[in-house]
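Quick note: the UniProt record's numbering has the sequence shown finishing at residue 156, numbered continuously throughout. Beta carbons are placed, not taken as given, at the ideal position from N, Cα and C, and that holds for glycine. Keep in mind that this is a model prediction, so the values were computed, not measured.
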Amino acid sequence: MAQQHVDSVVVLNGPNLNRLGKRQPEVYGATTLADVEARLRRRGQTLNLTVRCVQSNHEGELIEEVHRAADEGAAVIINPGGFTHTSVALRDALAEIADGAGFVEVHISNVHAREQFRHHSYLSAIAEGVIAGLGVTGYELALQYFADRNTASSPR
Numbered sequence: 001m002a003q004q005h006v007d008s009v010v011v012l013n014g015p016n017l018n019r020l021g022k023r024q025p026e027v028y029g030a031t032t033l034a035d036v037e038a039r040l041r042r043r044g045q046t047l048n049l050t051v052r053c054v055q056s057n058h059e060g061e062l063i064e065e066v067h068r069a070a071d072e073g074a075a076v077i078i079n080p081g082g083f084t085h086t087s088v089a090l091r092d093a094l095a096e097i098a099d100g101a102g103f104v105e106v107h108i109s110n111v112h113a114r115e116q117f118r119h120h121s122y123l124s125a126i127a128e129g130v131i132a133g134l135g136v137t138g139y140e141l142a143l144q145y146f147a148d149r150n151t152a153s154s155p156r
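Right, dumping it as structure tokens:
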């Protein structure tokens, strides 16, 4: 399928990411989720992308947001947290995004250098890309990817 031009990106953060800056700062750093979201909104403006950020500790709420993004034609950047390794339902919802505007999976830590159970993702096989271990910069790289993809697909 041809990659769609996107005007908006939904940034979804799963369980416990509301605790960024407080929970395991030696793994996840001291930057808060509010800081990450503010940076992404500002960066989105410079890239001509509208950025909407949602965090939920509840799988069903994340699935509803994926459906909303699909209906809006928005691309998705998702840090699914622990749902990475457990949620077939979230994967099934994201399959619609994969067939549309696309999504990038982001992890702040290098999940492959951590516990064995974190090495498997239900989402990676259908994601356009996976960014892991680059800290919160991974979100900005994913946003830049969608902007670059728009430029590459624009008629000249």
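Check	Outcome
Looking only at its chain, what residues have a beta carbon closer than 6 Å to the beta carbon of G138, apart from the 5 residues adjacent to it on each side?	V106, I131
What do you reckon, are the CB atoms on Q45 and R149 nearer than 8 Å?	no
Have a look at I108, S56, P15, V88 and flag the residue whose alpha-carbon is nearest the alpha-carbon of E26.	I108
Can you tell me the Cα-Cα spacing of I63 and V88, whole angstroms?	11 Å
Under a Cβ-count criterion, where at least 16 other Cβ atoms within 10 Å of its own Cβ denotes burial, should T151 be classed as buried or exposed?	exposed
From the DSSP output, in three-state form, read off E128 for me.	coil
Pull the bridge partners of R52 from the DSSP assignment, please.	V10
Mind pulling the alpha helix (DSSP H) runs of 4 or more residues that sit fully within the segment 86-112?	88-98
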